[in-house]
Amino acid sequence: GDPSTAKSQLLRSVMSIAPLAVSTTGKGSSGVGLTAAVTSDPETRERRLEAGAMVLADRGIVCVDEFDKMGENDRVAIHEAMEQQTVTIAKAGIHASLNARCSVLAAANPVYGQYD
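Residue numbers (the working numbering): 60 to 175.
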């Protein structure tokens, strides 16, 4: 919607009434942060899988503000989660399929600042 039309407030309202809701911003989120990442434990050096926002919101809703500011590669990374409702990881010897059965509510500004 057009700027200053309370899109962020709409997302906050959904967050307050939904039983399971995760909030994120498009500008500060990466595809990995929305899906899942393989990290290394600094003490044991073991690899582990960390869930992203869409996996954490399984059977709930993910609210993404400023979706238009998300990078193109990051938007591509969440397609599997939105289409198949799963996140598949095959990195660093870890092979896993995580459920991401969530609704996605995204708010974005128009490309040229306002709609015609």
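C-beta atoms are modelled at their ideal positions from N, C-alpha and C, and glycine is treated no differently.
Selected residue, minimal CA-CA separation from residue i, among the options
i	options	result
Val163	Gln68, Lys86, Ser63, Ala112	Ala112
Thr132	Ser89, Ala77, Met74	Checking the sequence, you will find Asn at residue 132 rather than Thr. Ranking Ser89, Ala77, Met74 by Cα distance to Asn132 puts Ser89 first.
Val81	Val170, Asn168, Cys161, Pro169	Cys161
Arg118	Leu69, Ala159, Val73	Ala159
Lys150	Leu157, Phe126, Glu139, Val97	Val97
Residue i to residue j span [Cα, whole Å]
i	j	result
Leu26	Val114	For residue 26 there is no data in the structure shown, the boundaries of the chain being 60 and 175.
Gly85	Leu79	20 Å
Ala165	Arg71	12 Å
His154	Leu108	10 Å
Residue i - containing beta strand (DSSP E), residue span
i	result
Ile120	120-124
Asn158	153-158
Val135	No beta strand (DSSP E) contains Val135, which is instead part of the alpha helix (DSSP H) from 131-136.
Lys128	No beta strand (DSSP E) contains Lys128, which DSSP labels as neither H nor E.
Leu164	162-165
Limits of the alpha helix (DSSP H) - the one that residue i falls within
i	result
Val146	Where Val146 is concerned, there is no enclosing alpha helix (DSSP H), although the beta strand (DSSP E) it sits in stretches over 145-150.
Leu69	66-76
Does the segment 99-110 come close enough to the segment 126-145 that 3 or more CB-CB pairs lie under 8 Å?
Judged by Cβ distances under 8 Å, the segment 126-145 makes no contact with the segment 99-110, as fewer than three pairs qualify.
Can you give, in chain order, each stretch of the alpha helix (DSSP H) that sits fully within the segment 83-124 and has at least 4 residues?
Along the segment 83-124, the alpha helix (DSSP H) occurs as fully enclosed runs of 4 or more residues at 90-93, 112-115, listed in sequence order.
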